[in-house]
Structure formats: C-alpha cells, structure tokens
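One structure is given below, encoded as structure tokens.
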Amino acid sequence: MKIQEHISDHLDVFDIGAPLQDVVKFFRGSGYSHVAVVEDRKFLGVLSEEDFRTIGEKGQLADHRNSLETFYVPQDASWLDILKLFADNQANLMPVLDQEASVIGYYDLGEVLDFLVETPFFNEPGALLVVATGAKDHSFSEIAQIVESNNAKLIGAFISDYQNDIVQTTIKISSGNINEVLQSFRRYNYTILFGNMDDQFLEDLKQRSDYLDKYLNV
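Residue numbers (full-length UniProt numbering): 1 to 218.
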C-alpha cells in the first residue's frame, strides 16, 4: 500500500474570502491543528487553531493573511518526509499539493501512523536493537553485513538519534541468532544501547558480578 492512498479529500479547504465563522465551525468540530487556505484555487497557506484563538470570529480570513503559515507536502512525498513535516510544525493535519499548487487533500497524522504500524518494520516478528557508534564510522552497509553474516535477516534500520558525533541506529532483525549478532556488533566496536534481555553477554557479566560479590563478602 502506498502512503498516497491515505490522502483524505473530504475535509474543508477555505478560500481567503471565507468568513471566520466558517473556520470556527471547522476547528470546533474537527479537533485538527491547522486548515488550508487558498486564493484563486491555489494554495496560500495554513491557519493554525492556536493562532485562530486570538483572532476572534468576526470578519474574513483575508483580514489575517499575515497569520498564515506555509508548510505542506507535495503529492509524491515519502512517508519519512511527511512525518518530519508533522513533527517540525506540531501539526496533526497536513495539506497535500499537486504540481499546480492546488490542494488535493490532507494527511491525517493518525492515519499516517496507522500506515507505519502496518509496514514490515513494525508488524513482522523480530528483535529490536539500538546500537551506537561514531559518526565517521557509521555505515548501513556494515550493519547489514554484521546482521546477515550471522544468518539473521535485516528487517529494517534507521538513525534514531544523532548527538555529539554519536549516531544511534535502531535495527530490527529476525530473532534467530540474536546473541551472535550482538557479539559481532561489539567486536566491531558498536555500543549496545538496547537489546533482548536474553543477551548471553549481559548474562555472563551478571553471573561474574554475582560471583565477585559473593567472594568479597566471604
């Protein structure tokens, strides 16, 4: 299924000459954060529900052009680009534009998240790992090689954090040979930030620590 199949074309798009009372009804009845505004059927911007609270209900949208923001997604945008724009603009409704700058519909944040949950990364069984390494050493091809050399399947991977030249990568693999995969990541100087609780390396460390505690307490 393509993300474009989740474009909703039944929600309101307001002309710049629309009375503010119509916009009031939209926000009160929908719970959405933004709504698209057009002029001569071309995208002009979006009005946020938060800004609308300070405007009042009298007059027209045209009286508040300066309150419009200009974010949107093109019709061929990927789900990653769509999610980023949702996050950057703290929105739960995103206008979608065609090549002629006409609004063809919206993405609803909830529906986009539902789409992601149905992707193999989320719905295929497997183990989640989070590993960290220096930015200069980060390589998706190396990550794939480490996983596959241990007869595990790489279901998906993405950069989940990047701070102070340290890259964190979230990885999903088939659950077989998880301990071998973890050991290989350590041999390649990756730090394991999150892994299965049955990681044999961690269990061995725990047993040695317990033994040392008993020895010191003798």
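Positions of the beta carbon are idealized from the N, C-alpha and C atoms, including for glycine.
Beta-ladder partner(s) of residue i, from DSSP
{"i": "Ile166", "result": "Gly134 and Gln163"}
{"i": "Gly45", "result": "Val37"}
{"i": "Ser157", "result": "Note on residue identity: the sequence assigns Ala, not Ser, to residue 157. Paired residues: Ile171."}
{"i": "Tyr107", "result": "Met94"}
{"i": "Phe194", "result": "Val130"}
Short CB-CB distance (under 8 Å) between residue i and chain C
{"i": "Glu124", "result": "Of the chains in the structure shown, none is chain C; there is only one protein chain."}
Through-space distance from residue j to residue i, alpha-carbon basis
{"i": "Asp9", "j": "Met94", "result": "12 Å"}
{"i": "Arg28", "j": "Asp22", "result": "10 Å"}
{"i": "Lys2", "j": "Leu80", "result": "13 Å"}
{"i": "Gly45", "j": "Phe115", "result": "26 Å"}
{"i": "Ala18", "j": "Glu118", "result": "39 Å"}
{"i": "Ser184", "j": "Asn123", "result": "26 Å"}
{"i": "Met197", "j": "Val112", "result": "Reliability fails at Met197, whose pLDDT of 47 lies under 50, so the model's placement of it is uncertain and no value is given."}
{"i": "Leu47", "j": "Asp76", "result": "23 Å"}
{"i": "Lys136", "j": "Asn150", "result": "24 Å"}
{"i": "Gln90", "j": "Ile159", "result": "21 Å"}
{"i": "Tyr72", "j": "Gln168", "result": "29 Å"}
{"i": "Leu193", "j": "Gly31", "result": "38 Å"}
{"i": "Gln60", "j": "Leu97", "result": "24 Å"}
{"i": "Val37", "j": "Val13", "result": "6 Å"}
{"i": "residue 229", "j": "Glu50", "result": "The chain is shown only over 1 to 218; residue 229 falls outside these bounds and no answer can be derived."}
{"i": "Gln99", "j": "Asn164", "result": "39 Å"}
{"i": "Leu182", "j": "Thr133", "result": "14 Å"}
{"i": "Ile166", "j": "His138", "result": "9 Å"}
{"i": "Tyr106", "j": "Val147", "result": "39 Å"}
Reduced DSSP secondary structure (H/G/I, E/B, other) of residue i
{"i": "Ser102", "result": "coil"}
{"i": "Phe71", "result": "coil"}
{"i": "Gln21", "result": "helix"}
{"i": "Asn90", "result": "A small fix is needed here, since residue 90 is Gln in this sequence, not Asn. Here Gln90 sits in coil by DSSP."}
{"i": "Asp114", "result": "helix"}
{"i": "Ile3", "result": "helix"}
{"i": "Ile16", "result": "coil"}
{"i": "Ser78", "result": "coil"}
{"i": "Leu11", "result": "coil"}
{"i": "Val218", "result": "Low confidence applies to Val218: its pLDDT is 44, below 50, so where it sits in the model is not reliable enough to give any reading."}
{"i": "Gly31", "result": "coil"}
{"i": "Lys84", "result": "helix"}
Candidates the options: closest to residue i by CA position
{"i": "Pro120", "options": "Asp137, Lys172 and Val73", "result": "Lys172"}
{"i": "Pro125", "options": "Asp114, Ser175, Leu68 and Gln90", "result": "Ser175"}
{"i": "Ile143", "options": "Tyr190, Glu69, Lys25 and Pro19", "result": "Tyr190"}
{"i": "Arg53", "options": "Phe14, Tyr188 and Ser33", "result": "Ser33"}
{"i": "Glu69", "options": "Ile166, Ile155, Val147 and Asp88", "result": "Asp88"}
{"i": "His6", "options": "Ser78, Val24 and Thr170", "result": "Ser78"}
{"i": "Glu39", "options": "Lys58, Gly56, Arg65 and Leu11", "result": "Arg65"}
{"i": "residue 231", "options": "Ser102, Asn92 and Leu83", "result": "The chain is shown only over 1 to 218; residue 231 falls outside these bounds and no answer can be derived."}
{"i": "Val35", "options": "Ile104, Ala157 and His138", "result": "Ile104"}
Where the alpha helix (DSSP H) through residue i begins and ends
{"i": "Val181", "result": "Ile178 to Arg187"}
{"i": "Pro125", "result": "Segment: none, Pro125 is in no alpha helix (DSSP H) and carries neither H nor E."}
Start and end residues, beta strand (DSSP E) containing residue i
{"i": "Ile146", "result": "Unbroken run through Ile146 is the alpha helix (DSSP H), Phe140 to Ser149; no beta strand (DSSP E)."}
{"i": "Leu61", "result": "Element bounds for Leu61: n/a, residue is neither H nor E."}
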